[in-house]
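Asks: One structure is given below, represented as structure tokens, and several questions about it will come after.
2 protein chains.
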Amino acid sequence: MRKLITFNSISLDGFFTDARGDMSWAHAGSDDPEFAAFVAGNAGSGGELLFGRVTYQMMAGYWPSPAALASAPEVARGMNALPKVVFSRTLPKAEWQNTRLVKEDLVGEVKKLKAGSGPGLVLMGSGTVIAQLTEARLVDEYQVVLCPVVLGGGRTFFEKNQLGLTLVHTRVFKNGKVLLHYQPQASS
Amino acid sequence: MRKLITFNSISLDGFFTDARGDMSWAHAGSDDPEFAAFVAGNAGSGGELLFGRVTYQMMAGYWPSPAALASAPEVARGMNALPKVVFSRTLPKAEWQNTRLVKEDLVGEVKKLKAGSGPGLVLMGSGTVIAQLTEARLVDEYQVVLCPVVLGGGRTFFEKNQLGLTLVHTRVFKNGKVLLHYQPQASS
């Protein structure tokens with residue numbers, strides 16, 4: 000059984016994108032060496048990445064670019080090399096290297112992935128996908144980086160779901176970001 | 000100059016009340032002795048409490064009651080004894096002991112309170128009031144208890160404000176709640 004983790008940066012008011020769909024505020028504080036090492040370590044730690052279309056297109060447009068390779072070479076190499084799955088009914092094909100496009104049956108496909116063997120599954124961004132997998136109770140752990148910022152609007156990746164959580168890990172960075180790992184409670 | 004602190008319990012999706020206006024989910028985990036001691040210590044540490052009408056009416060209806068005195072005697076005695084201000088244009092009078100009703104000019108009144116002498120000012124709940132005082136840049140510190148729960152809807156106390164923050168204190172409780180103190184950044 001493979002574990003499915005979600006990984007998101009969120010604001011103190013609970014949003015993972017701002018009102019215009021922008022996520023660049025989440026890069027603030029990257030000059031904290033400890034935080035930068037944490038991000039690079041994540042990208043180099045293996046796993047298979049899952050995305051919805053919107054997050055996929057944002058990342059596929061950035062990480063293979065020379066700008067990404069220049070500014071964050073370790074993260075870029077990791078993101079490009081890792082196996083990836085994008086879930087979308089509308090995307091005609093997935094051009095980012097090592098990416099498989101899945102057009103139908105999100106929940107069924109994720110159940111199959113989890114039942115198989117292989118590295119851990121990490122779902123990044125992708126509010127709509129997280130909300131559906133949360134509803135299907137397929138997420139084993141929610142990892143969030145709580146950023147010291149208030150956005151005043153945007154999208155929450157839980158959408159309408161209600162959920163009791165158990166906090167299993169915390170780490171505070173000097174840049175004011177707080178890493179929090181939560182597991183969903185069985186009863187909720 | 001008196002310091003103005005806001006104090007709120009929030010969910011991981013950023014809400015301080017759920018979609019029905021309920022805040023009782025924030026009492027979960029009160030059986031953690033360390034957390035209970037923290038709450039009682041807060042209520043006994045002095046200060047002057049500020050509220051908007053909705054939070055005031057909720058608290059004025061609970062803390063003077065025999066039920067509150069039986070279940071959380073220290074907190075109830077503290078809440079009843081502390082000096083309090085409620086801001087409301089519509090409330091005819093404030094009946095909870097040691098409470099002053101202010102009907103007009105929220106921002107001007109808070110400026111006056113801050114410029115005077117006395118104990119620290121603590122604003123609890125009261126999303127609309129927090130949003131207005133945030134906009135007027137009168138809040139010196141936002142203290143939140145991040146609760147291990149997803150509500151799926153409700154109110155965020157920052158409303159439409161955008162704000163850069165500096166994290167100045169954290170404390171993790173065994174019940175999975177995380178206390179976070181943030182100061183607004185001057186530039187934001």
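These protein sequences, in sequence, are chains A and B.
Counting from 1, position 58 in the first sequence corresponds to residue 57 in numbering that gives the first Met the number 0; the numbering is continuous, with no gaps.
Counting from 1, position 65 in the second sequence corresponds to residue 64 in numbering that gives the first Met the number 0; the numbering is continuous, with no gaps.
Positions of the beta carbon are idealized from the N, C-alpha and C atoms, including for glycine.
Model, not experiment: these values are computed from the prediction.
Which residues, in order along the region 142–156 of chain B, keep a beta-carbon less than 9 Å from a beta-carbon of chain A?
Replies: Answer in chain order: V143, L145, C146, P147, V148, V149, L150, G151, G152, T155 and F156.
Asks: Please identify the residue among L49/B, F14/B and P183/B whose C-alpha is closest to the C-alpha of K159/A.
Replies: Stepping through the first sequence from its first residue, residue 159/A is reached at position 160. When each option's Cα is compared against that of K159/A, the closest is F14/B.
Asks: For chain A, find out if any of its Cβ atoms is closer than 8 Å to the Cβ of D30/B; answer yes or no.
Replies: Translated into positions along the second sequence, residue 30/B becomes position 31. Judged by the 8 Å Cβ criterion, D30/B is not in contact with chain A.
Asks: Per DSSP, V149/B is paired with what?
Replies: Translated into positions along the second sequence, residue 149/B becomes position 150. Note: V149/B sits in a beta bridge opposite L162/A.
Asks: Quick one: grab the DSSP three-state call for N79/B.
Replies: Within the second sequence, numbered from 1, the residue matching residue 79/B stands at position 80. N79/B falls in the helix class under three-state DSSP.
Asks: Taking 8 Å as the threshold (beta carbon to beta carbon), is T54/A in contact with chain B?
Replies: Within the first sequence, numbered from 1, the residue matching residue 54/A stands at position 55. T54/A does not count as touching chain B.
Asks: Is the region 160–172 of chain B in contact with the region 19–38 of chain B, if contact means three or more CB pairs nearer than 8 Å?
Replies: They touch, by the three-pair rule.
Asks: Return the CA-CA distance between S187/B and F156/B, expressed in angstroms with no decimal places.
Replies: Sequence index remark: in the second sequence, residue 187/B carries index 188 (1-based). Sequence index remark: in the second sequence, residue 156/B carries index 157 (1-based). With a pLDDT of 47 at S187/B, under the threshold of 50, the predicted position of this residue should be treated as unreliable, and no value is reported.
Asks: Label R176/A either buried or exposed according to how many other C-beta atoms from any shown protein chain fall within 10 Å of its C-beta, with 16 as the threshold for buried.
Replies: Counting from 1 along the first sequence, the entry for residue 176/A is found at position 177. The question names Arg, yet the displayed sequence has Lys at residue 176/A. Under this definition K176/A is a buried residue.
Asks: Using a Cβ cut-off of 7 Å, pull out every chain A residue sitting near V171/B, in sequence order please.
Replies: Stepping through the second sequence from its first residue, residue 171/B is reached at position 172. Going along chain A in sequence order, the residues near V171/B (Cβ under 7 Å) are T169.
Asks: Beta-carbon of D139/B versus every beta-carbon of chain A: anything under 8 Å?
Replies: Counting from one through the second sequence, the residue named residue 139/B turns up at place 140. No, D139/B lies away from the interface with chain A (no Cβ there is under 8 Å from its Cβ).
Asks: Could you tell me whether the Cβ of D12/B comes closer than 8 Å to any Cβ of chain A?
Replies: Taking the second sequence and counting its residues from 1, one reaches residue 12/B at position 13. Yes, D12/B lies at the interface with chain A (some Cβ there is under 8 Å from its Cβ).
Asks: So does F50/B have its beta carbon nearer than 7 Å to some heavy atom of the ligand SAM?
Replies: With respect to the ligand SAM, the structure shown offers nothing to examine, as it has no ligands at all.
Asks: Would you mind working out which of V128/B, A93/B, M123/B and K92/B sits nearest V106/B, comparing C-alpha positions?
Replies: Taking the second sequence and counting its residues from 1, one reaches residue 106/B at position 107. Comparing Cα positions, the closest option is V128/B.
Asks: Just to check my reading of the structure: G124/A and R1/A have Cβ atoms closer than 8 Å, yes? What is that Cβ distance to the nearest angstrom?
Replies: On the first sequence, residue 124/A is found 125 positions in, with the first residue counted as 1. On the first sequence, residue 1/A is found 2 positions in, with the first residue counted as 1. That pair is no contact at about 20 Å.
Asks: Looking at the C-beta of Q131/A, does it have a partner C-beta in chain B at a distance below 8 Å?
Replies: Along the first sequence, read from residue 1 onward, the residue named residue 131/A stands at position 132. Judged by the 8 Å Cβ criterion, Q131/A is not in contact with chain B.
Asks: Threshold first: 4 residues or longer. Then list the alpha helix (DSSP H) segments lying entirely within the region 9–48 of chain A, N to C.
Replies: With a minimum length of 4 residues, the continuous alpha helix (DSSP H) runs that stay inside the region 9–48 of chain A are 32–42.
Asks: Please confirm whether N160/A has its beta-carbon closer than 8 Å to some beta-carbon of chain B.
Replies: Here the question's residue 160/A lines up with position 161 in the first sequence. So yes, N160/A belongs to the interface.
Asks: Decide if N25/B is buried, meaning its Cβ has at least 16 other Cβ atoms within 10 Å, or exposed.
Replies: Looking up residue 25/B in the second sequence gives position 26. In the sequence as displayed, the identity of residue 25/B is Ala instead of Asn. Its Cβ being crowded by 16 or more others within 10 Å, A25/B is buried.
Asks: For the putative contact between S87/B and R52/B, defined by C-beta atoms under 8 Å, what is the C-beta separation to the nearest angstrom?
Replies: Translated into the one-based positions of the second sequence, residue 87/B becomes position 88. Translated into the one-based positions of the second sequence, residue 52/B becomes position 53. Indeed they touch by this definition, with Cβ atoms about 4 Å apart.
Asks: Three-state secondary structure (DSSP) at R52/A?
Replies: Here residue 52/A refers to the residue found at position 53 of the first sequence. If DSSP states are grouped into helix, strand and coil, R52/A belongs with the helices.
Asks: So, is P91/A buried or exposed, given that buried needs 16 or more other C-beta atoms within 10 angstroms?
Replies: Position 92 of the first sequence, counted from the start, is the residue given in the question as residue 91/A. Label assigned to P91/A: exposed.
Asks: List the residues of chain B that L3/A touches, going by C-beta distances under 7 Å, in chain order.
Replies: One-based indexing of the first sequence puts residue 3/A at position 4. In chain order: nothing, as chain B lies at least about 17 Å away.
Asks: Output the distance between the C-alpha atoms of N97/B and M78/A, rounded to the nearest integer angstrom.
Replies: Taking the second sequence and counting its residues from 1, the one referred to as residue 97/B is at position 98. Taking the first sequence and counting its residues from 1, the one referred to as residue 78/A is at position 79. Cα to Cα, the separation comes out at about 59 Å.
Asks: Secondary structure at P183/B, three-state DSSP: helix, strand or coil?
Replies: By one-based count along the second sequence, residue 183/B stands at place 184. In this structure, P183/B counts as strand in the three-state DSSP scheme.
Asks: Can you pull the chain B residues whose beta carbon is under 9 Å from the beta carbon of L164/A, in chain order?
Replies: If you number the first sequence from 1, residue 164/A lands on position 165. L11, C146, P147, V148, V149 and G175, listed in chain order.
Asks: Just the Cα atoms here: how many angstroms apart are A93/B and E103/B?
Replies: Along the second sequence, read from residue 1 onward, the residue named residue 93/B stands at position 94. Along the second sequence, read from residue 1 onward, the residue named residue 103/B stands at position 104. So the alpha carbons of these two residues sit roughly 15 Å apart.
Asks: Determine the DSSP secondary structure at V143/B, reduced to helix, strand or coil.
Replies: Locating residue 143/B in the second sequence gives position 144, counting from the first residue. V143/B: strand per DSSP, three-state reduction.
Asks: Since E140/B and Q182/B are thought to touch, with beta carbons under 8 Å apart, how far apart are those beta carbons, to the nearest angstrom?
Replies: As a first step, residue 140/B is located in the second sequence; it is residue number 141 there, counting from the start. As a first step, residue 182/B is located in the second sequence; it is residue number 183 there, counting from the start. Confirmed, Cβ separation roughly 5 Å.
Asks: Is the shortest distance between the beta-carbon of Y61/A and the beta-carbons of chain B less than 8 Å?
Replies: Counting from one through the first sequence, the residue named residue 61/A turns up at place 62. So, not an interface residue.
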